Amino acid sequence: MKRIGIDLSLIFVLGCFMLFAPPVLSDLVISKLDRRIDLSSQIVRTTMSLKVENNGVDAVSEILLPFPEQQAKNLASLTAVISEGKGKTKSYSGSLSIEVAKPEGMPSDVIFYSVSLPNELGKGGSLNLEVKAVFTHILRPFPEKITQADVQLVAFQDSAHYLSPYVVKAQSLTIKLPEPKVESYTKLENTKFSGSEIKYGPYENLPPFSYSPIVVHVVSNKPFALAQELVREIEISHWGNVQVTENYNLVHAGAELTGEFSRLEYQARPNIRGASAFRNLVARLPPRAHSIYYRDEIGNISTSNVYSDLGKTLLEIEPRYPMFGGWRTAFTIGYGLPLQDFLFRSEGKRFLNISFGSPMSDVVIENLTVKIVLPEGSSDISVSVPFPVKQFQETKFSHLDMVGRPVVVLEKTNVVPEHNQYFQVYYRFSNLSLLREPFMLIFGFFLFFVACVVYTHADFTISKSSPSYLAKLQWDEVQTAIQQFQDIMNQCLTVHDKLEASLRDLSRTGDVQACKAARKAADGLLKELAKELKPLVSFLQSSPQAVQILPKVEELVGKERELQEKLMLKHSTVVDSYEKKSGGRDIENRVAAVQQRISYLREEVDELLDIINEI
Amino acid sequence: MAAPETPQPTTLRHAFGNVLSLFVLLLIGVLAFSIRLFSFLTKNGVYDFWNWFDDRTWYPLGRVIGGTVYPGLTLTAGALWRIFNSLNIPLSVETVCVFTAPIFSAFASWATYLLTKEVKGAGAGLTAAALLAMTLNTGSLFYATLNAIAYFYMVCSWGGYTFIINLIPMHVLLCIVTGRYSSRLYIAYAPLVVLGTLLAALVPVVGFNAVMTSEHFASFLVFIILHVVALVYYIKGILTPQMFKVAVTLVVSVGLIVCGAVLAVLVALVASSPTKGWSGRSLSLLDPTYASKYIPIIASVSEHQPPTWPSYFMDINVLAFLVPSGIIACFLPLSDASSFAVLYIVTSVYFSGVMVRLMLVLAPAACIMSGIALSEAFDVFTRSIKFQLHGATQNPEANAGEGSNVDVVKTEKSEDSPKERASRKSKKKEKENVERASLVSRIEKRLLVLPMEASLIAIFLLVLLGAFYVVHCVWAAAEAYSAPSIVLTSRSHDGLHVFDDFREAYGWLRHNTEVDDKVASWWDYGYQTTAMANRTVIVDNNTWNNTHIATVGTAMSSPEKAAWDIFNSLDVKYVLVVFGGLVGYPSDDINKFLWMVRIGGGVFPHIKEPDYLRDGQYRIDSQATPTMLNCLMYKLSYYRFVDTDGRGYDRVRNTEIGKKYFKLTHFEEVFTTHHWMVRIYKLKAPRNRIRGKTKKSKSKGSSTTSSKRSGARKKNPWH
């Protein structure tokens, strides 16, 4: 019922044109018009080739292309070119500039776009115009809610006659269908249905603004992926990377699923039970894209694949669940691109040359925001985009930023793959700024270490005369003294070892003289050490801080002295016996008592040393 | 001095590996929730955090977050995040949360190292324990205060702090009983109790529990005992021995009376509280059978089950064998610190035997013990090698005759290892009777020396053991602890297969339901649902309200109509069940179902466990009871399951299901994940009343409904 209601209103509105018969704008005549409407995806693409003749007197510099308001609202892109020649020799001009025009005396329900011709069309002149219009949202799912078992039906409305302010001499319309299944279509005279196409026309000699509404109701199970929100962030790093991050907010804009969703049915016959659902999307990334990721707010999504060759990188992503009508999802894809492929220099400026829209060809984007994050310190920024966009600047703070990075923000609504054109961002950036951050880091760490060095070497005592400070100073002195003391003791012990070694040498070689010499040397050394020891011990005795340790020190000194004596005793006994040529066993017997005492003392000394060491 | 230095790094690494993995384990468990807490914290600041009333959980009750969480980790992560962001380093909330764990494990291993050093060191639990040990050795008030602060942090972070606050008094008591009381002990302990309790009471979730529950009672008792002992020592110093004896008899007789009175009052107080002043979790620690007897909700958590032997091997691996030798090594010279370590290991082994979760407490203790054991072993072996090397160079002399004596002297000098020192120290007093002792010790030392080849092989084997342990730890950390239970993987011949069903379902809920919709599921999935699906849940993993959980359990165990009534009264829109029967995922809701019945039945007596069991057996095949086959959980799990393979073969229970073909009358399937692991149902809207039918049913059942109404009211607490 709703559908028919809309149809009636349209017919009414357009019927008004016929009744009031607005004035003819000029003497232009469209002698031949060919319209093809492609319904094979959610994006409706209309291509028209018009042959325009000027039958009037005045030269004409612009041609008007009207669209009903309903369509104009959803017009995503409109381009017109002039073609010359025919067949293989056909050549196209650059796309012509198009502006919204408001000619007087025209109904407000029709929006006019005026195409400016590069050369005025003189009297009797003619040209071939190729117009391509892309619409979104004009395929309406009908019924609006379906169950899992139903197919998705869409309705498309247009006019069989081209809505034109000019006289159209001959015209025809071809509608390409997504699937060769039609629920219904408006039958007029000269209507032909040939499975994959419906053809209206040819119609001849129709007056301006003739209108003949048609409705085509067909099966379309094509994915209706609609990104309600897409934020693309393109971050340039002059260290060699362009990082692209794309945040999608996706919805299946086709007929909504109602009732149960049965996984069983879907798994058993996915093409019948869930015909309109889509499982995956393919993003066509530039070649040499790397570090590709695909995640959402709850983590990595593991169902994705990357295929790459020299010309492109294909990223195939699957949302977490199959997307049925009305279901939503949100995800992020990101990838890095090599800098040299996208950043160039011209006239002292750098410019980024990168494509505007989403890399996914099946997705319609309602609101697209492209943010280009330039390196910190960029200046003199300008943007050149081949179509009108909203544009402003902001600042972003990221790693080690001081003043923030300039961000160019471009906003556009209703973006289709036709907008995937290259755009340029020009800016100035000196290479020296590149080194700022590393230097900052180096300097930071340098400062940190300097601070550490200063801290360990500086004296932060508040009062130099406070008792605790003095005590600490004294304690330091005591510690150095003890350190020296320990060194000396250790030296003594090595001397003792040498003496023992000389005894062993004696038992091996029997060289009494050498042994005596060793003893003499040891004697001298020990005496020197004893001399050094004296001031240390007296210092420790005088120092109040060393009270704890003093008894141990004194005990150690005593023990060591005794050890020395015993060793000497043993040494002399052994040497004597050798001189007397007494037997080995005999010597051992004689020294046994002394030896025991020595080894005991030695242990004691070691122990004391350890204790002092621990203090 | 080379010998003791070699084992230190290995000890450290070992400690690191294990503690790391365990901390990761700890954090993963609460990660989903803490990320949510933390994102709130970063958005709203600390003060709002304290006052945060979370209406996303425990619908319709809500939850006072500030008063029911241990805020330590969240606040730490929040502070880290703030610091990073102020430095313009944009880190995401999740990144900070995840990396807090390794940072903490690094701290933990450092603390373990310190503690080990104290126990068996050259000079001077976890952080708190290490600091305590430090205080014991230094007797510094500074460290004691630090200790109290570390304890405060522990209270902030984890409910397991009660372990520490009981362990430390036990140690102090042990010291007093064995006559090791000193002023250092006093300085170490007294400030901890006073400051620690004051600080702990600052944490909202603890509050007055810090002085009111029996878990903290031990610390106060020991605090009193310590003061009594200190007083006794003081008086002993003042009085002459005779006077002292008199005083003792006097004081003891009076004291006994006073103590008896106080004890009687305490016992009366404790006995008057229903759980005897102990919270359920702690009671189940002391009596492992307590929980299963009285509190099904505690027993139903797998973390609270006693661990199996394999889980010990899995978690601590070779440490299990090294720990006993470590304990022996601790006894060789029993110092204050090493007695602490022994006490620590013994209690933690006991507790870990009660609850899997407390394996966390065991891990550091085991690390310390095995570190000591390894260190000792390396010490012995390296010393032997050294000795043998010296021996080799001096062999000719030894042959010449007098060498033997000299050799001993030589070796003695080279043995500057801590072990030697320690053992010597312990024998210091014996050595008063001079020469014999020294001879004995010399012989002993020679006996301690092992043959060169044996020690070389042993060192090699030990290193190998350590290496394998490192490999095991890395593996365990990667596979067992880091693999989140939310993403499951299985390896088959054609590669890795990922089961990402949970996130699929949560993602679906997040994007395809209304923001205010309430989702009912068993409480295990509560945190996940709030965090990942961002939907309000009825119950969650913070199991503070048994009645509420029992309501959900009752709904799940009721027939469809009754369940619909309960859920509808709770304003639930969606019911989520986890079902593993298709792919063989064993921890699904059917396997947990008996707990739902038990917990539900604990509050609503019309749910009786025997109704769901056939001859005491839990089964879902054709022998199952009709109550079982008609309950909501069975129906939601197996709805249209039979159509998958024609006979409804459940791969978890390895049986064909009992009731195969049935329709849902009050629920409709709205989503099922790829592997059927999560199934989401929507409550059907109440049916429009058709005039003729209602009249009929009214006239028919007027007598029955009126009689049933009172019963129905009892069944459903929200009516």
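Protein chains in written order, with full-length UniProt numbering: chain U, 1 to 615; chain C, 1 to 719. Each residue gets a CB set at the ideal place from its N, CA and C atoms; glycine is no exception. Note that the coordinates shown come from a computational prediction; the quantities given were computed from them, not determined experimentally.
Return yes when the Cβ of U/ARG597 is within less than 9 angstroms of the Cβ of residue 616 of chain U, no when it is not. Here chain U has residues from 1 to 615 only, and residue 616 of chain U is not among them.
Looking only at its chain, what residues have a beta carbon closer than 6 angstroms to the beta carbon of U/VAL395, apart from the 5 residues adjacent to it on each side? By 1-based counting over the first sequence, the position of residue 395 of chain U is 395. The question names Val, but residue 395 of chain U is Thr in the sequence shown. Closer than 6 angstroms at Cβ, skipping near neighbours: GLY404.
Opposing strand residues paired with U/ASN353 [DSSP bridges]: Looking up residue 353 of chain U in the first sequence gives position 353. Partner(s): U/GLN424.
Report the residue from C/PHE387, C/ASN88, C/ASP54, C/TRP81 whose alpha carbon sits nearest the alpha carbon of C/CYS97. In the second sequence, counting from the first residue as 1, residue 97 of chain C sits at position 97. Comparing Cα positions, the closest option is C/TRP81.
Can a CB atom of chain U be found closer than 9 angstroms to the CB of C/GLU435? By one-based count along the second sequence, residue 435 of chain C stands at place 435. Residue placement at C/GLU435 is poorly supported in this model, since its pLDDT is 42, which falls under 50; the coordinates still yield a value, given next. Yes, C/GLU435 lies at the interface with chain U (some Cβ there is under 9 angstroms from its Cβ).
Can you list, in chain order, the residues of the segment 285 to 301 of chain U whose Cβ is nearer than 7 angstroms to any Cβ on chain D? In the displayed structure, chain D is absent; the protein chains listed are U and C.
Closer than 9 angstroms to chain U by CB, C/THR551: To locate residue 551 of chain C, count along the second sequence from 1; it is residue 551. Chain U, which has no Cβ nearer than 9 angstroms to the Cβ of C/THR551, makes this no.
May I ask which residues mark the beginning and end of the beta strand (DSSP E) holding U/LYS32? As a position in the first sequence, residue 32 of chain U is number 32, starting the count at 1. 28 to 38 is the span of the beta strand (DSSP E), which, as asked, contains U/LYS32.
Which residues, in chain order, does the segment 494 to 526 of chain C contribute to contact with chain U at a C-beta distance below 8 angstroms? VAL498, ASP500, ARG503, GLU504, TYR506, GLY507, TRP508, ARG510, HIS511, ASN512
Rounded C-beta distance between U/PRO287 and U/LEU314? I'm assuming under 8 angstroms. Taking the first sequence and counting its residues from 1, one reaches residue 287 of chain U at position 287. Taking the first sequence and counting its residues from 1, one reaches residue 314 of chain U at position 314. Incorrect: roughly 11 angstroms between the Cβ atoms, too far for contact.
Using the beta-carbon of each residue, which ones in chain C are nearer than 7 angstroms to U/ALA227? For the purposes of this step, residue 227 of chain U is identified with residue 227 of the first sequence, where counting begins at 1. Near U/ALA227 there are no residues of chain C at all, since even the closest Cβ is about 13 angstroms away, more than 7 angstroms.
CB contact below 9 angstroms: U/THR147 versus chain C: Here residue 147 of chain U refers to the residue found at position 147 of the first sequence. With 9 angstroms as the cut-off, U/THR147 does not count as an interface residue toward chain C.
How about U/LYS181 and U/VAL218: do their beta carbons lie closer than 9 angstroms? Start at 1 with the first residue of the first sequence, and residue 181 of chain U comes out as number 181. Start at 1 with the first residue of the first sequence, and residue 218 of chain U comes out as number 218. Result yes, Cβ atoms of U/LYS181 and U/VAL218 sit closer than 9 angstroms.
Give the range of the alpha helix (DSSP H) segment to which U/VAL110 is assigned. As a position in the first sequence, residue 110 of chain U is number 110, starting the count at 1. Per DSSP, U/VAL110 belongs to no alpha helix (DSSP H); it is in the beta strand (DSSP E), 110 to 121.
How would you call U/MET323, buried or exposed, if buried means at least 16 neighbouring beta carbons within 10 angstroms? Working through the first sequence from its first residue, we reach residue 323 of chain U at position 323. Buried: at least 16 other Cβ atoms inside 10 Å.
Mind pulling the chain C residues with CB within less than 8 angstroms of U/GLN320? As a working note, residue 320 of chain U is residue 320 in the first sequence. Note that residue 320 of chain U corresponds to Arg in the displayed sequence, not to Gln. Residues of chain C passing the Cβ test: ASP500, ARG503, GLU504, GLY507, TRP508.
Beta-carbon of C/HIS666 versus every beta-carbon of chain U: anything under 9 angstroms? By one-based count along the second sequence, residue 666 of chain C stands at place 666. So, not an interface residue.
Count the other CB atoms, across all protein chains shown, that sit within 10 Å of the CB of C/ALA453; report buried if there are 16 or more and exposed otherwise. As a first step, residue 453 of chain C must be located in the second sequence, where it is residue number 453. Correcting the residue identity first, residue 453 of chain C is Glu in this sequence and not Ala. Flag for C/GLU453 reads exposed.
What three-state label does DSSP hand U/ARG295 in the structure shown? Residue 295 of chain U sits at position 295 when you count from the first residue of the first sequence. Looking at U/ARG295 - three-state DSSP - the assignment turns out to be strand.
Between U/GLN71 and U/ILE138, which are expected to be in contact by the criterion C-beta below 8 angstroms, what is the C-beta distance as a whole number of angstroms? Taking the first sequence and counting its residues from 1, one reaches residue 71 of chain U at position 71. Taking the first sequence and counting its residues from 1, one reaches residue 138 of chain U at position 138. Contact holds; Cβ gap of about 6 angstroms.
Starting from C/ILE680, follow the beta strand (DSSP E) in both directions and report where the run begins and ends. Within the second sequence, numbered from 1, the residue matching residue 680 of chain C stands at position 680. Segment 678 to 683, the beta strand (DSSP E) holding C/ILE680.
C/THR489 versus C/TYR234, C/PHE378, C/VAL583, residue with shortest Cα-Cα distance: Residue numbering aside, residue 489 of chain C sits at position 489 when the second sequence is read from its first letter. Out of C/TYR234, C/PHE378, C/VAL583, C/VAL583 has the C-alpha closest to the C-alpha of C/THR489.
4-residue-minimum alpha helix (DSSP H) runs that sit fully inside the segment 32 to 87 of chain U, ordered along the chain: 69 to 73
Using the Cα positions of U/THR456 and U/LYS472, report the straight-line distance between them to the nearest angstrom. For the purposes of this step, residue 456 of chain U is taken as the residue at position 456 of the first sequence. For the purposes of this step, residue 472 of chain U is taken as the residue at position 472 of the first sequence. Whole-angstrom Cα-Cα distance: 16 angstroms.
Own chain residues within Cβ distance below 7 angstroms of C/ASP611, not counting five before or after: Taking the first residue of the second sequence as 1, we reach residue 611 of chain C at position 611. Counting only Cβ-Cβ distances below 7 angstroms, and skipping sequence neighbours, we find THR625, THR627.
Three CB pairs or more closer than 8 angstroms across the segment 668 to 688 of chain C and the segment 634 to 648 of chain C: yes
Which residues, in chain order, does the segment 569 to 603 of chain U contribute to contact with chain C at a C-beta distance below 8 angstroms? GLY584, GLU588, GLN595, GLN596, SER599, TYR600, ARG602, GLU603
Output, in sequence order along the chain, the residues in the segment 385 to 410 of chain U whose CB is closer than 7 angstroms to any CB in chain C. PHE397, SER398, HIS399, LEU400, ASP401
Can you pull the chain U neighbours of C/PHE671, defined as C-beta to C-beta under 9 angstroms? Within the second sequence, the letter at position 671 stands for residue 671 of chain C. Correct list: PHE261, ARG263, TYR321.
Short CB-CB distance (under 9 angstroms) between C/ASN654 and chain U: Stepping through the second sequence from its first residue, residue 654 of chain C is reached at position 654. Not one chain U Cβ lies under 9 angstroms of C/ASN654.
May I ask you to report which of helix, strand or coil DSSP gives U/MET402? The residue you call residue 402 of chain U lines up with position 402 of the first sequence. Three-state DSSP puts U/MET402 in coil, outside helix and strand.
Please determine, among C/TRP564, C/THR145, C/CYS473, the residue with the shortest C-alpha to C-alpha distance to C/ARG687. Against the second sequence, residue 687 of chain C aligns to sequence position 687. If we check each option's Cα against that of C/ARG687, C/TRP564 comes out closest.
7 angstroms Cβ cut-off: residues of chain C touching U/THR494: Within the first sequence, the letter at position 494 stands for residue 494 of chain U. Correct list: empty, because the minimum Cβ distance to chain C is about 10 angstroms.
According to DSSP, residues forming a beta bridge with U/PHE193: Sequence index remark: in the first sequence, residue 193 of chain U carries index 193 (1-based). Bridge partners of U/PHE193: U/ILE198.
Tell me, please, which residues DSSP counts as bridged to U/LEU337. Counted from its first residue, the first sequence places residue 337 of chain U at position 337. Answer is U/VAL242, bridged to U/LEU337.
Distance between U/LYS570 and C/GLY401 (C-alpha atoms, nearest Å): Taking the second sequence and counting its residues from 1, the one referred to as residue 401 of chain C is at position 401. Taking the first sequence and counting its residues from 1, the one referred to as residue 570 of chain U is at position 570. Unreliable positioning characterises C/GLY401 in this predicted model, as indicated by a pLDDT of 38, which lies under 50. The coordinate reading is nonetheless provided below. Each residue's alpha carbon lies about 17 angstroms from the other.
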